[in-house]
Amino acid sequence: GENVEQHPSTLSVQEGDSAVIKCTYSDSASNYFPWYKQELGKGPQLIIDIRSNVGEKKDQRIAVTLNKTAKHFSLHITETQPEDSAVYFCAASMRTGFQKLVFGTGTRLLVSP
Amino acid sequence: DSGVTQTPKHLITATGQRVTLRCSPRSGDLSVYWYQQSLDQGLQFLIQYYNGEERAKGNILERFSAQQFPDLHSELNLSSLELGDSALYFCASSVGRDRPTYEQYFGPGTRLTVT
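See below:
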């Protein structure tokens with residue numbers, strides 16, 4: 066089955082810096098890679114996703130890149146703000162609408178003012 | 007707000023008891039997923055229903071069961087509870103009736119504490 070590894074487990078940056086979180090997956094059949102942000106006491110919130118036919122996707126300060134050959138994908142947050150502090154999860158699945166998400170172990174991001 | 011609702015928000019119960027967690031998917035979504043989040047296991051898929059039918063099973067214990075009703079809400083039943091069942095339980099929904107979306111949107115979760 067699919068296995069997703071995520072690094073780092075914790076990341077501390079200064080406000081305004083960039084943050085990068087990396088994930089690798091094992092199943093070459095996976096073709097859908099979402100990223101979720103989870104704030105304390107809340108459910109995971111979908112912030113961006115990428116399909117395997119796309120190498121990069123941007124949404125304002127957030128971008129995701131995918132390297133299918135190497136089976137890894139990354140989340141990039143630019144101009145970080147204190148409200149970006151949360152736990153971020155990557156996930157992988159086959160994009161059919163009927164497939165479970167396999168999650169990474171999470172990255173706790175702390176943005177200091 | 008994702009549009010997915012879960013009740014109750016918190017549950018405290020004793021070992022050996024049975025509880026029911028409820029989930030209402032986003033309006034129009036046909037598929038419901040249940041996930042368990044614990045400190046040592048992370049976010050783990052339990053089970054999925056689509057339009058009332060079970061579609062996939064993950065790491066769900068035999069003591070746990072679920073169903074999806076005609077109005078598309080879902081319930082997760084946990085029985086013979088053990089201390090290790092203490093966790094956050096999330097419901098997610100996807101696949102709208104009129105939109106081919108695959109994104110899963112999560113509810114706020116139910117925190118289960120077994121004492």
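So the sequence lines, in the order shown, correspond to chains Y and B.
Residue numbers for the first sequence follow this note's numbering, beginning at 66 and rising by one.
Residue numbers for the second sequence follow this note's numbering, beginning at 7 and rising by one.
For glycine and all other residues, C-beta sits at the position ideal for the given N, C-alpha and C.
Because the structure is a prediction, the values reported are computed rather than measured.
Residue i (DSSP reduced to helix, strand or coil)
i, result
"Y/GLU148", "helix"
"B/ASP91", "helix"
"Y/ASN96", "coil"
"Y/LEU166", "coil"
"B/ARG24", "coil"
"B/ASN57", "coil"
"Y/GLY81", "coil"
"B/GLU81", "strand"
"Y/TYR153", "strand"
"Y/GLU121", "strand"
Endpoints, beta strand (DSSP E) assigned at residue i
i, result
"B/GLU68", "Here B/GLU68 belongs to no beta strand (DSSP E), and DSSP marks it neither H nor E."
"Y/VAL176", "172-177"
"Y/VAL69", "69-72"
"B/LEU36", "35-44"
"B/ARG117", "116-120"
"Y/SER29", "Absent from the structure is residue 29 of chain Y, since the part of chain Y shown begins at 66 and ends at 178."
"Y/VAL129", "127-132"
CB contact check: residue i to chain D, cutoff 7 Å
i, result
"Y/PRO109", "The structure shown has no chain D; the protein chains it does contain are Y and B."
Partner residues on chain B for residue i, Cβ-Cβ distance less than 8 Å
i, result
"Y/ASP114", "GLU109"
"Y/TYR97", "TYR108"
"Y/LYS165", "TYR39, PHE51, GLN54, ALA62 and GLY64"
Distance CB(residue i)-CB(residue j) smaller than 7 Å
i, j, result
"B/THR13", "B/ARG32", "no"
"Y/ALA128", "Y/HIS137", "no"
"Y/ILE86", "Y/PHE98", "no"
"Y/SER165", "B/PHE70", "Here residue 165 of chain Y is Lys; the residue named in the question, Ser, does not match the sequence. For Y/LYS165 and B/PHE70, no; Cβs fall outside 7 Å."
"Y/GLN71", "Y/THR170", "yes"
"B/LEU87", "B/GLN23", "yes"
"B/ALA62", "B/GLN73", "no"
"B/TYR95", "B/THR119", "no"
"Y/ASP82", "Y/THR145", "yes"
Partners in chain B for residue i, counting only beta-carbon separations shorter than 7 Å
i, result
"Y/GLY81", "Correct list: empty, because the minimum Cβ distance to chain B is about 29 Å."
"Y/PHE168", "GLY48 and LEU49"
"Y/GLY171", "GLY48"
Closest by C-alpha distance to residue i, when choosing among the options
i, options, result
"Y/SER74", "Y/VAL167, Y/SER158 and Y/PHE154", "Y/PHE154"
"Y/THR172", "Y/ASP149, Y/LYS123, Y/SER158 and Y/VAL119", "Y/ASP149"
"B/ILE66", "B/TRP40, B/TYR111 and B/ASP35", "B/TRP40"
"Y/LYS133", "Y/THR145, Y/SER77 and Y/ALA157", "Y/ALA157"
"B/SER80", "B/HIS16, B/VAL38, B/ALA20 and B/ASP91", "B/VAL38"
"B/SER85", "B/ASN57, B/THR11 and B/THR19", "B/THR19"
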